[in-house]
Amino acid sequence: MIMTAEQLVEKVKEIANSVTVYKLGTFGNKTINGKRQWDCSGLLKGILWGYPENGKYASNGVLDQNADTIISNCLDISNDFSNIMPGEVVWIKGHMGIYIGDGKVVEATPNWDNGVQISTCANIVNGAKKRKWLKHGKSPYIEYLQENIVNNWIACLQLECNKQGFSNQKVDGIAGKVTLASCPQLSNKSKGKITALVQERLNNLGYNCGSIDGINGDNTQKAIKKFQQDNGLQVDGIVGKNTWKCLLMI
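Here the sequence shown stands for residues 1 to 250, where the numbers follow the UniProt record's numbering.
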């Protein structure tokens with residue numbers, strides 16, 4: 001790994017707040033009229049190569065690849081944007097950006113302000129300079145920390161609770177009383193996105209639900225009951241307030 005997701009996010013935000021211009025085939029290695037030049041894939045490659053400070057082309061074992069090849073080499077590629085993490089690559093045919101959280105992306109594009117800029121991920125929220133992406137994935141050169149995974153899962157849960165009308169809470173990845181109160185009780189026959197989020201959390205904690213399909217079947221029930229047993233809870237397979245509290249670690 002060359003850098004953490006947090007470092008990448010801070011770097012692309014820093015570049016977005018500097019004077020830039022879009023130029024196909026550049027990666028922060030050139031300037032024109034005082035504006036540093038980048039293209040969409042060059043934003044990620046250039047940073048990983050050390051630009052704009054002390055860069056060296058194709059260094060650090062990072063290949064010179066276009067947007068389509070970069071996404072094909074990512075890990076955990078998905079078209080479900082409810083589980084996207086800051087620092088992930090977002091992609092449409094021939095173009096890419098870096099997700100920075102809160103429904104925002106940094107991308108190098110000739111559109112809008114012509115340069116590296118912050119845009120809105122229309123898959124998640126509405127806003128100015130919006131674009132709908134097709135896929136996202138984790139770069140093999142970036143370290144996505146476990147703490148980020150937990151916080152991102154909480155943010156996904158908060159967002160889903162808002163979407164389903166259980167709450168109108170701030171989506172910040174921080175679990176507290178409001179988040180706990182918004183989590184619905186899940187019966188032993190529950191189905192849907194929130195059930196899928198419980199499966200994801202249990203799998204990450206080492207309780208094997210099998211595939212994340214949003215169906216509270218036999219494997220998920222076994223995982224819930226084992227989790228309840230290990231945490232000194234009533235073993236009933238129902239995800240109620242106390243089980244949610246342990247899942248949220250509060």
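The beta-carbon is built from N, C-alpha and C at its ideal position, and this holds for glycine as well.
Three-way DSSP call (helix, strand, coil) for residue i in this model
i: N66; result: coil
i: K56; result: coil
i: F166; result: coil
i: L202; result: helix
i: D76; result: strand
i: T20; result: strand
i: L43; result: helix
i: A5; result: helix
i: K189; result: coil
i: W153; result: helix
i: K13; result: helix
i: I32; result: strand
Spatial neighbours of residue i in its chain, beta-carbon cut-off 8 Å, leaving aside the 5 residues before and after
i: G103; result: T120, C121, I124, V125 and G127
i: K93; result: D68 and L134
i: L197; result: W153, C156, L157 and E160
i: I32; result: V21 and K23
i: K191; result: G214, I215 and N216
i: K35; result: V19, T20, V21 and G115
i: G137; result: I71, C74, L75, D76, I77, S78, E88, V89 and W91
i: Q169; result: Q158, C161, N162, V178, T179 and S182
i: G50; result: K56, S59 and N60
i: P52; result: I15, G28, N29, R36 and G46
Own chain, CB closer than 6 Å to residue i, minus 5 neighbours either side, in chain order
i: G101; result: P86
i: I224; result: G237
i: L8; result: G87 and I142
i: N219; result: C209 and G210
Cutoff 7 Å; reference residue i; Cβ partners in own chain excluding five residues on either side
i: L48; result: I2, N60, V62 and Y141
i: T26; result: Q37, W38, D39 and G42
i: V239; result: Q185, L186, V198 and I224
Check whether residue i and residue j have beta carbons under 8 Å apart
i: L248; j: N242; result: no
i: S82; j: N66; result: no
i: K30; j: Q37; result: yes
i: L186; j: F227; result: no
i: I250; j: A175; result: yes
i: I118; j: A16; result: yes
Exercise. Is the region 162 to 174 in contact with the region 108 to 120, if contact means three or more CB pairs nearer than 8 Å?
Worked result: Result no; under three Cβ-Cβ pairs closer than 8 Å.
Exercise. Taking the runs of the alpha helix (DSSP H) that are 4 residues or longer, which of them lie wholly in the UniProt domain "Peptidoglycan binding-like" (196 to 247)?
Worked result: List check, alpha helix (DSSP H) in window: 218 to 230.
For this session: Please specify which runs of the beta strand (DSSP E), each continuous and at least 3 residues long, are wholly inside the region 88 to 112, giving them in chain order.
Result: Note on the region 88 to 112: whole beta strand (DSSP E) runs with a minimum of 3 residues are 89 to 92, 95 to 101 and 104 to 109, in chain order.
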